[in-house]
Amino acid sequence: MNTIKSLDDLKRIREEALAKRKFTETSGATQVIVGMGTCGIAAGARETMKAVLEYIEAKNLPNIVVTQTGCIGLCEQEPILQVVISKKEKVTYGKVSPEVVKIIMENHVEKGEVVETHVIPLQG
Amino acid sequence: MKELSLHILDIAENSVNAGAKKIEITVVENLNKDELTITIKDNGKGMDPEKLKNIADPFITSRTTRKVGLGIPFLKAAAEACEGGFETTSERGVGTEINVKFKHSHIDRMPLGDLKSTWLNLLIGYPKVHWVLDYSINDNTYTLDDQPIKEVLNEIPLSDPQVIRYLKNEITNGFESVKINKYNIKSVFRRKNEHN
Chain U
220 MNTIKSLDDL KRIREEALAK RKFTETSGAT QVIVGMGTCG IAAGARETMK AVLEYIEAKN
280 LPNIVVTQTG CIGLCEQEPI LQVVISKKEK VTYGKVSPEV VKIIMENHVE KGEVVETHVI
340 PLQG
Chain F
15 MKELSLHILD IAENSVNAGA KKIEITVVEN LNKDELTITI KDNGKGMDPE KLKNIADPFI
75 TSRTTRKVGL GIPFLKAAAE ACEGGFETTS ERGVGTEINV KFKHSHIDRM PLGDLKSTWL
135 NLLIGYPKVH WVLDYSINDN TYTLDDQPIK EVLNEIPLSD PQVIRYLKNE ITNGFESVKI
195 NKYNIKSVFR RKNEHN
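So the protein lines, in turn, are chains U and F. Residue numbering for the first sequence follows our numbering, starting at 220 and increasing by one per position. Residue numbering for the second sequence follows our numbering, starting at 15 and increasing by one per position.
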């Protein structure tokens with residue numbers, strides 16, 4: 220049986236991440252949420268999530284918490300991605316392909332500018 | 015859905031929604047028995063017998079955001095189309111276990127697909143769950159229990175760029191270790207055949 224062997228590596232990663240965090244503490248954490256219900260997965264949400272993680276990895280972006288959520292009732296708009304920057308209101312994006320992920324990550328997550336063209340219009 | 019790995023991602027989400035604190039997912043490719051089995055076991059709120067009976071009915075769902083639930087019916091139909099089977103056991107307050115079996119070589123069996131991405135998604139996407147993920151080919155098993163990882167990381171999120179890299183690496187190495195052994199087993203077979 221093979222199990223995790225490299226926990227020491229992880230300890231080093233933790234220390235580095237903690238050191239980095241001290242400098243960025245003031246800006247607060249950004250949350251990226253990917254809809255991962257049956258509807259989301261069928262529409263390609265796993266690739267959306269993968270693109271988010273790849274972007275963070277490639278650009279070395281600290282302090283971004285990526286999580287998943289279930290169906291939020293907007294199945295026709297899947298894959299759905301939501302961005303929350305510190306205390307600002309949650310922004311919900313629809314039909315987020317891996318290409319759209321790049322646009323959202325670059326403009327909204329990194330620069331704080333909402334990508335209006337991909338925001339799901341509020342109903343009612 | 016085109017991959018069994020996507021179904022796994024989907025079914026695991028049911029467990030998360032059932033409030034599971036610990037979810038164990040086991041994928042076994044038993045080439046000797048020509049079987050592919052998937053087990054998803056959680057300690058969520060569980061179901062009473064009445065609800066369990068209707069688990070594959072798409073129009074019965076506990077979700078409030080939409081009225082149909084297709085995750086389980088899809089997977090059940092896929093298994094049954096491949097000389098396989100689908101079983102669930104559940105107990106209120108204890109948890110639910112889902113067992114799905116496919117004939118490994120069945121022409122209609124969808125590919126396992128990108129299981130590594132599914133694992134990474136689950137680990138990072140639902141950090142509050144204790145995940146125990148198993149992948150086996152015949153008797154060779156790779157187990158990823160995320161508890162020790164989270165103990166070390168403590169307050170550092172799993173989506174930290176270096177942690178993502180670490181997890182990817184860990185999973186890739188684990189899968190490779192199972193794979194290498196797969197070839198060894200094949201060569202054992204070859205030797206046996208040469209004897210005959």
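Backbone N, C-alpha and C define an ideal beta-carbon position, used for all residues, glycine too. A quick note: this is a predicted structure, and the numbers were derived from the prediction, not measured.
For F:Ser104, the beta-bridge partners assigned by DSSP are F:Thr110. In the structure shown, F:Phe88 falls within a helical segment according to DSSP collapsed to helix, strand and coil.
One thing to note: F:Leu50 has its Cβ within 8 Å of the Cβ of F:His118.
If you draw a 10 Å sphere on the C-beta of F:Asn168, you find fewer than 16 other C-beta atoms in it, and that means exposed. F:Phe116 sits in a strand when the DSSP states are folded into three classes.
In this structure, U:Leu341 is the residue among U:Arg231, U:Val284 and U:Leu341 with its C-alpha nearest to the C-alpha of U:Gln296. Separation of F:Phe189 and F:Ile52 (C-alpha to C-alpha, rounded to the nearest whole angstrom) is 16 Å. Per DSSP, the continuous alpha helix (DSSP H) segment holding F:Ile163 begins and ends at Gln161 to Leu167.
Taking 9 Å as the upper bound on Cβ-Cβ separation, chain U lies near residues Asp128, Ser131, Thr132, Leu134, Asn135, Leu136, Ile138, Gly139 and Tyr140 of the segment 128-140 of chain F. At a cut-off of 8 Å between C-beta atoms, U:Gln301 does not count as an interface residue with respect to chain F. About 18 Å separates the beta carbon of F:Gly139 from that of F:Leu18, a gap too long to meet the 8 Å contact definition. In the same chain as F:Gly107, and ignoring 5 residues on each side of it, the C-beta atoms closer than 8 Å to its own belong to Lys59 and Gly60, in chain order.
Taking 8 Å as the CB threshold, F:Leu89 stays off the interface with chain U. In summary, F:Asp153 is exposed, with fewer than 16 beta-carbon neighbours lying within 10 Å of its beta-carbon over all protein chains present. Counted as a single uninterrupted DSSP element, the alpha helix (DSSP H) harbouring F:Leu66 occupies residues Pro63 to Lys67. Here F:Met124 has Lys16, Glu17, Leu18 and Ala92 as same chain residues with Cβ atoms under 7 Å from its own Cβ, once five neighbours each way along the sequence are excluded.
Assigned with DSSP and collapsed to three states, U:Asp227 falls in helix. Interface annotation, F:Gly60: not in contact with chain U, CB-CB separation never under 8 Å. Proximity of chain U to F:Glu27 at the Cβ level (cut-off 7 Å) is accounted for by Met255, Gly256 and Gly289, in chain order. Bridge pairing for F:Trp145: F:Ile37 [DSSP]. Counting other Cβ atoms within 10 Å of its Cβ, U:Leu237 stays below 16 and is therefore classed as exposed. Across the set F:Ala70, F:Thr75 and F:Gly109, the C-alpha of F:Ala70 shows the shortest separation from the C-alpha of F:Gly99. Excluding sequence positions up to five before and after U:Gln287, its CB lies within less than 6 Å of the CB of Val253 and Met255, all in the same chain and listed in chain order.
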